[in-house]
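I have placed the structure first, in the form of structure tokens, so that the comments after it can refer back to it.
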Amino acid sequence: MRLRGRVVPALRTLLASLPIVAGGLAALHAATDGFQAFTSETARRLSIARDPRLLPQVPLEAADGSTVQLGDLRGRWLLVDFIYTRCETYCSVQGNEFARLQQRLGTQIQAGQVQLVSISFDPAYDDPAQLAAYQRRSGDRGSGWIVARPVQTTDLPKLLATFGVKAVPDGLDGYVHNAAISIVNPEGRVVAVLDWDAMQQAQDYVLQRVAP
Amino acid sequence: MKNGARTKAGLAALLWLGLALPPARALLEASMTRQMLIQMPLLALVGWWLAAAVPAVWRDAINRWNAHGINGFLIASLTGMLWMVPRMLDEALDLPWVEVAKFTSMPLLIGLPLALSWPRAGFVLRAAVLVEAIATAFRLAWLYLASPVRLCSSYLLDDQQRLGQGLLVLGLTLCVVLGWKLMWGHVRVDGA
């Protein structure tokens, strides 16, 4: 009888622990996309790879003052990054990389198969003059690279959400942002997000897919 | 309900409401350090106080399935693991339902089960829980101090490193408390 008094609660507890562990693991599984994405940056890339998002129809104002409809760029592979021109770290390097991609993908750009797009998430400061200066000091090769800001500030959250970009003010007049090169296919869907310094990878990705 | 229990439950409700106020949320969630070292522990404290208000009948029913408090610790650690996933901190800011999940699971699935289990646990189990808590604080501290990349897109790197330092201090404090209790404190060794 005394033994039973000890064993039964232990067995009951063990029995109850099984659904608890199962529930806990299921919750962890769901929260991490099947133990694959523990940070929101990985989750963003995974979500884009699994379910390519359609570009929103948003008007952009380019460095030369002209207006470009993002949706009108369909039919080409787009390499897109997000920048702000006052940035002195990543973005200046990002700019140089885009200028180099402009040169390396020159043939495809000429053929209208590839287009580079840099979008500012600081439209209040980045007017066409600032955008043009950014493009110039990055070493712009002349064609195939649009540096632009959203015409309407209200379009910015839509753009950032589509690309999964997050810009956090750093308290020093700048931003910390998850810089990356996003690739948009000719159907206008964001199909891949690569590291911000993965220039070679971006180039290979596009070259493997454009029609020869 | 006894008077003491009523006071505790009232305090718990007040604390929870206070934390849920938009200015309090904005203040505590603006920094990764404040969210993890102040907001989340306070939410768990709400649940800990709430345990006093659990009617004796329910408590007896729970106890029958909770020998030595094992299942309570299990629920609390699994829930804790979930909230240690960096993504969850970002999503609590972006998705309202994740924020609601945080405000309910921290008290009900961490604080409350811990309070119901701790008195039932024997010396060895309590020691295991405490040592594991210390180890977790050190592991997370090391991760946040050593990581060159931001683990949460919503927070800055220096915030993340400050959190690492905070966790280091937390782990050390727990070590000192545990050491002090073992050396000079009153430790119950017989077990429940």
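These protein sequence lines map, in sequence, to chains E and R. Read in order, the letters of the first sequence correspond to residues 1 to 212 in the numbering used here. Read in order, the letters of the second sequence correspond to residues 213 to 404 in the numbering used here. Here a beta-carbon is modelled for each residue, glycine too, at the ideal position from N, C-alpha and C.
- Under the three-state reduction of DSSP, E88 of chain E is assigned to coil, being neither helix nor strand.
- The criterion of a C-beta distance shorter than 8 Å is satisfied by I48 of chain E and V190 of chain E.
- Between L227 of chain R and chain E, the shortest Cβ-Cβ separation is not below 8 Å.
- Taking a beta-carbon distance threshold of 8 Å, K166 of chain E counts as an interface residue toward chain R.
- Cβ neighbours of A111 of chain E within its own chain (closer than 7 Å, five residues either side excluded): none.
- Annotation for A236 of chain R: G230 place their beta carbon closer than 7 Å to its own, counting only its chain and skipping 5 residues before and after.
- Leaving aside the five residues that flank Y175 of chain E on each side, the residues in its chain whose CB is nearer than 8 Å to its CB run, in chain order, Y84, C87, F121, D122, A167, V168 and P169.
- S120 of chain E is bridged by DSSP to E:I83.
- If you look at I109 of chain E, you'll find it in the alpha helix (DSSP H) that goes G106 to Q110.
- Interface flag for D272 of chain R against chain E is unset, since no Cβ pair is found closer than 8 Å.
- Contact annotation, Q372 of chain R with R362 of chain R: C-beta distance approximately 6 Å; criterion of less than 8 Å satisfied.
- An exposed status is given to A347 of chain R, since fewer than 16 other beta-carbon atoms sit within 10 Å of its beta-carbon.
- Taking a beta-carbon distance threshold of 8 Å, S40 of chain E counts as an interface residue toward chain R.
- Note that the C-beta distance between L342 of chain R and L386 of chain R is below 8 Å.
- DSSP places R149 of chain E in the uninterrupted beta strand (DSSP E) bounded by W145 to P150.
- Taking a Cβ-Cβ cut-off of 8 Å, the neighbours of M293 of chain R in chain E comprise G24 and L28, given in sequence order.
- Spanning the alpha carbons of G75 of chain E and P186 of chain E requires a straight line of approximately 4 Å.
- Here DSSP, grouped into helix, strand and coil, assigns R189 of chain E to strand.
- One Cα belongs to V310 of chain R, the other to A62 of chain E, and the distance between them is close to 38 Å.
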